[in-house]
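Asker: Dropping the structure in here first, questions after.
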Amino acid sequence: MIERRRIQWEIWILLGLSLGRSAVYAVVNIFARLTQGTPLADQTATLNPSQSPRPYLDLTYQLLSIAFALVPVLLAVYLLAIRRGAPPVTKAIGLDARRPGRDVAWGVALAAAIGVPGLAFYALGRLLGITVSVQASALSEHWWTVPVLVLSALQNGALEEFIVVAYLFERTRDLGWSQTSRLDWRFLTASALLRGSYHLYQGFGPFLGNAVMGVVFAWWYRSRWGKNRVLPLVVAHTLLDVVAFVGYALIPASWRHSLGIT
């Protein structure tokens, strides 16, 4: 009983330091948006804001934000690594380098499978007025802008997939979930709803789209193809965000306007 409570506290503390905190802020943010008198469709969310008008100070802030956002990832891996009686963390969540080619290939395939439906969810949400206009990047054009956006995408992929999928699965299994090869609906639901909740600040369309993404990623992670390997999910998530942060500029202006992408 003591060990079970310790694991529960550990999960809540780690989430409170990372994506759980983001989820709470997102819930408050969507409440603020809904009560401010302006329709969601007329509001804007900025994903990568500038943090200083001075270029090199902005670069410093951006790199510091990325670095500190990865600390919960390191903590999650550390907590998994020190579990008594558990397999090595590299084996438990697939951090070894046994199949880098297959990991990347699966990541690309997952990104392709999620990317088009995700864009459709966003477009439908804009059409229904339940999704805000998303500004993918507010960074000025500097030599470091694209590298920082790519690093930001990698940070998002690592933070979300390590915690929402790999860590959450392992620690809830330590609590008695997922004791068979079948996908445990409790883990599936918790992972998907957590992923959707911290995207609520963008509106209800992104909440639904990311919840569906959470279902797909959690299912794949436990499938005979995923085999509890987190790296393909990180690759997929990173590619999706790189396209969102950098590739949006390649979309014709008329298309961006119709989708509400600024």
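The sequence shown begins at 73 in this note's numbering and counts up by one. C-beta: ideal position from N, C-alpha, C; glycine also. Remember, it's a predicted structure, so these values are computed and weren't measured experimentally.
By how many angstroms is the C-alpha of S224 removed from the C-alpha of L231?
Answerer: Rounded to whole angstroms, L231 to S224 spans 10 Å at the Cα level.
Asker: On the CB-based measure, 16 or more other CB atoms within 10 Å of its CB, does H214 come out buried or exposed?
Answerer: Label assigned to H214: exposed.
Asker: Grab the span of the alpha helix (DSSP H) containing A117 for me, first residue to last.
Answerer: Counting along the chain, A117 falls outside any alpha helix (DSSP H), though it belongs to the beta strand (DSSP E) covering 116-118.
Asker: Count the other C-beta atoms from every protein chain shown that fall within 10 angstroms of the C-beta of I186, then say buried if there are 16 or more, exposed otherwise.
Answerer: Flag for I186 reads buried.
Asker: How far does the beta strand (DSSP E) with Q123 in it reach, from first residue to last?
Answerer: Taken as a continuous stretch (DSSP letters only), Q123 belongs to no beta strand (DSSP E), as it is neither H nor E.
Asker: Taking the beta strand (DSSP E) that A302 belongs to, which residues open and close that run?
Answerer: In the sequence as presented, Ala is not what sits at residue 302; that position holds Val. Unbroken run through V302: none, as it is neither H nor E.
Asker: My parser needs the alpha helix (DSSP H) runs of 4 or more residues fully inside the stretch 171-202; what are they?
Answerer: Listed in chain order, the complete alpha helix (DSSP H) runs (minimum 4 residues) inside the stretch 171-202 are 172-200.
Asker: Give the straight-line distance between the Cα atoms of S209 and Y273, rounded to the nearest whole angstrom.
Answerer: Distance between the alpha carbons of S209 and Y273 is about 16 Å.
Asker: Would you check if the distance between the CB atom of S204 and the CB atom of Q108 is smaller than 7 Å?
Answerer: Contrary to the premise, residue 204 reads as Val rather than Ser in this sequence. Not closer than 7 Å, so no.
Asker: Which residue spans inside the stretch 202-245 form an unbroken alpha helix (DSSP H) run of at least 4?
Answerer: Counting whole runs of 4 or more residues, the stretch 202-245 contains the alpha helix (DSSP H) stretches 217-232.
Asker: Start and end of the alpha helix (DSSP H) containing V291?
Answerer: For clarity, residue 291 is Trp in the given sequence; the question names Val instead. From DSSP, the alpha helix (DSSP H) with W291 extends over 276-294.
Asker: Taking CB distances under 7 Å as the criterion, tell me whether V306 reaches chain B.
Answerer: Although the question refers to chain B, the structure presented lacks it and comprises just one protein chain.
Asker: Does the stretch 132-150 come close enough to the stretch 234-246 to have 3 or more Cβ pairs within less than 8 Å?
Answerer: Yes, they touch.
Asker: Around the C-beta of G173, are 16 or more other C-beta atoms found within 10 angstroms, so that it is buried, or is it exposed?
Answerer: Burial call: exposed.
Asker: Roughly how many angstroms lie between the CA atoms of P159 and Y270, to the nearest whole one?
Answerer: The straight-line gap from Cα to Cα measures roughly 31 Å.
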